[in-house]
Every structure is written in structure tokens, then in C-alpha cells.
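S.K.:
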Amino acid sequence: MRVKFSSRFLIFLSALISCAAFPLGAVTLDIGNEFEFEMRRENRKGKNISTEYLSRGNFYLTGHLRDGIEAGLRIRSVGVLNSTQTRITDYGARVPNQTPYFEAAYIRLNDIHGYPVSLTLGNQPIRWADGVLIGDKGLGFPAVRAEAREPYTGISGDAYYLWARDTRRDISGIEGYGLRVYRELGPGRAEVNYLRENYTSPPAAATLQQEKKVKRTIYGGSYTQELTGGLEYSFFGYLMNGEKG
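With the numbering used here as the guide, the letters of the sequence shown map in order to residues 3 to 247.
In C-alpha cells:
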């Protein structure tokens with residue numbers, strides 16, 4: 003069972019705002035919050051049914067400055083009610099229980115010099131192939147990301163470079179880059195992906211192996227189509243190869 007409440011309100015500032023180094027001009031602030039409440043029940047064979055109550059809260063602030071400049075901030079808090087756990091699992095990530103943390107904090111340049119190109123710098127969500135190829139698990143990635151659209155052929159693409167992923171997501175100390183190109187094709191969307199990642203694998207205590215440098219390359223492709231009633235189907239596949247040094 004899940005109950006969700008959400009509210010959004012806009013504040014428009016028409017006064018001229020200036021600072022010592024950079025006059026910002028008119029600024030539009032988009033401020034909002036969301037709240038979710040979820041009841042989880044688990045029934046294991048031979049054990050009693052366990053029930054826990056989970057709450058999720060989000061606060062976000064987006065400032066739209068002049069010349070397509072956008073600054074965003076999103077703070078998230080997740081907690082299990084009446085629990086003494088310091089960390090809990092939410093969407094596959096280990097997060098602090100009932101303690102706010104930053105999900106996103108970024109600056110984005112939109113429509114650079116009038117072209118359909120944007121550039122984003124900071125902690126931001128990145129999720130490709132429904133999180134199979136790469137997914138931030140609601141924590142965001144520190145990254146530089148560029149997005150572009152070719153208006154004549156309808157081909158769009160984006161690329162990123164990220165660093166310092168930590169164990170809350172999957173592997174600590176990983177860095178890498180990725181590129182994807184996609185286009186509407188028939189009733190759905192076709193997409194191809196390329197990712198390159200470097201990281202240090204942890205030592206295996208059982209075999210007393212030392213840390214090793216790992217490099218891996220991932221190639222992926224998918225086709226997704228939305229159906230009536232909010233449903234969709236997707237065909238997806240990928241190849242991965244790597245080496246340890």
C-alpha cells in the first residue's frame with residue numbers, strides 16, 4: 003500500500019538581482035516537496051509476517067536564470083518508522099535512516115548559443131536501460147553530462163563523464179564515461195549505448211587476493227514502445243568485456 007502527497011508552487015521574482023561578480027537579472031524559482039508513505043509486508047516460510055512502514059520525503063529547488071542557465075537542488079530523506087537501524091535499503095541502495103542527504107545539486111546550461119545542446123555539471127541522476135547499464139539508485143552521480151538533439155533527422159544523444167561513485171551505489175572509486183544515441187523508430191524508440199569504466203576491485207578475503215585494477219567496456223541496444231494503459235514493453239541486450247591488471 004502506498005499513499006503519496008505532492009505539492010508544488012512557483013515563486014516569480016521580477017526584481018533585478020545583482021551580485022558583485024555577475025548580474026543575474028530576472029530569476030524564476032520552482033520550489034516543491036513530495037511525500038510518500040509505504041507499508042511493506044514480508045511473509046517467510048516458518049516465520050511470522052513482518053511489517054514495516056517506510057516514509058520518503060523530497061524537497062527540490064530549481065532556479066531558472068537568464069540565458070538558459072538553470073541551478074537545481076534536491077534533498078531526499080528516507081526512513082523506516084520506529085526503527086533503530088542507522089542505514090536501510092531503498093531502491094537497492096544503502097542510505098541513512100531518517101537522515102536527509104543530497105540527491106542532486108547541479109548547474110545546467112540549456113540551448114547553448116541557440117543550439118539544441120545542454121551541459122550539466124554536478125551531482126545528477128543518470129539511468130540508462132532501466133538502470134541495468136548504469137543507475138544512480140536515487141543518489142545521483144557526480145558527473146559532467148552533455149545532451150543534444152539533431153532537429154532534421156530526429157536523432158538525439160547524450161554523453162557523460164563521472165567520477166567517485168561510492169559503495170552506496172555499487173562499486174567504490176569507479177570512474178568512466180558513456181555515450182548513447184536514440185531516435186523514434188515506428189511506434190517506439192531505438193537506442194544504442196557505449197560505456198567505459200575503470201575501478202579497483204576489492205580484495206577477496208577467502209583467497210587472500212590483492213586489489214586489482216579493472217577496466218570494462220559495455221555495448222548495449224534496446225527498443226521500447228509504450229502501450230495503452232501506461233504499459234510498455236522493451237527489448238534489451240548488451241555485451242560486456244573487461245580485463246584485470
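A virtual CB, placed ideally from N, CA and C, is assigned to each residue, including glycine.
Could you give the first and the last residue of the continuous beta strand (DSSP E) run that contains Thr230?
M.R.: Where Thr230 is concerned, there is no enclosing beta strand (DSSP E), given that its DSSP letter is neither H nor E.
S.K.: Go ahead and pull the three-state DSSP assignment for Ile33.
M.R.: strand
S.K.: Nearest by alpha-carbon distance to Tyr196: which of Leu181, Gly70, Gln227 and Lys139 is it?
M.R.: Leu181
S.K.: For the beta strand (DSSP E) holding Ser120, just list the boundary residues, first then last.
M.R.: Val119 to Gln126
S.K.: Trp165: buried (16+ other C-beta within 10 angstroms of its C-beta) or exposed?
M.R.: exposed
S.K.: What is the residue span of the beta strand (DSSP E) that Glu105 lies within?
M.R.: Tyr103 to Leu111
S.K.: Indicate whether Tyr163 and Ala145 have their beta-carbon atoms separated by less than 8 Å.
M.R.: yes
S.K.: For Thr238, which of Arg147, Pro153, Ala131 and Arg218 has the nearest alpha-carbon?
M.R.: The amino acid at residue 238 is misidentified as Thr; the sequence shows Phe. The residue among Arg147, Pro153, Ala131 and Arg218 with its C-alpha nearest the C-alpha of Phe238 is Ala131.
S.K.: Can you look up Glu245 in the DSSP assignment and give me helix, strand or coil?
M.R.: strand
S.K.: Please confirm if the region 108-121 is in contact with the region 71-81, defined as three or more CB-CB distances below 8 Å between the two stretches.
M.R.: yes
S.K.: What number of angstroms, rounded off, separates the C-alpha of Val82 from the C-alpha of Glu54?
M.R.: Between Val82 and Glu54, the C-alpha separation is close to 7 Å.
S.K.: Exposed or buried, Gln126, counting other C-beta atoms within 10 Å across all chains shown (16 or more means buried)?
M.R.: buried
S.K.: At what residues does the beta strand (DSSP E) containing Arg68 begin and finish?
M.R.: Premise fails: Arg68 is in no beta strand (DSSP E) and is neither H nor E.
S.K.: Between Glu245 and Asp32, what straight-line distance do the alpha-carbon atoms span, to the nearest angstrom?
M.R.: 46 Å
S.K.: Note the first and the last residue of the continuous beta strand (DSSP E) segment covering Ile114.
M.R.: Unbroken run through Ile114: none, as it is neither H nor E.
S.K.: Output needed for Ser236: all residues of its chain with C-beta closer than 8 Å, excluding positions within five of it in sequence on either side, in chain order.
M.R.: Asp132, Ser224, Tyr225, Thr226 and Gln227
S.K.: Return the CA-CA distance between Val183 and Tyr221, expressed in angstroms with no decimal places.
M.R.: 12 Å
S.K.: Measuring CB to CB, does Gly178 end up less than 8 Å from Glu199?
M.R.: yes
S.K.: Measure the alpha-carbon distance for Lys217 versus Ser158 and round it to whole angstroms.
M.R.: 28 Å
S.K.: Using only the heavy atoms of the ligand ATP, determine whether one of them is closer than 7 Å to the beta carbon of Tyr154.
M.R.: Among the components modelled here there is no ligand, and therefore nothing to report on the ligand ATP.
S.K.: Find the nearest neighbour of Gly137 within the set Leu229, Val29, Glu234 and Tyr93, judged by alpha-carbon distance.
M.R.: Tyr93
S.K.: If we define contact as Cβ-Cβ less than 8 Å, is Glu177 a contact residue for chain B?
M.R.: As a matter of chain content, chain B is missing from the structure shown, which is built from one protein chain.
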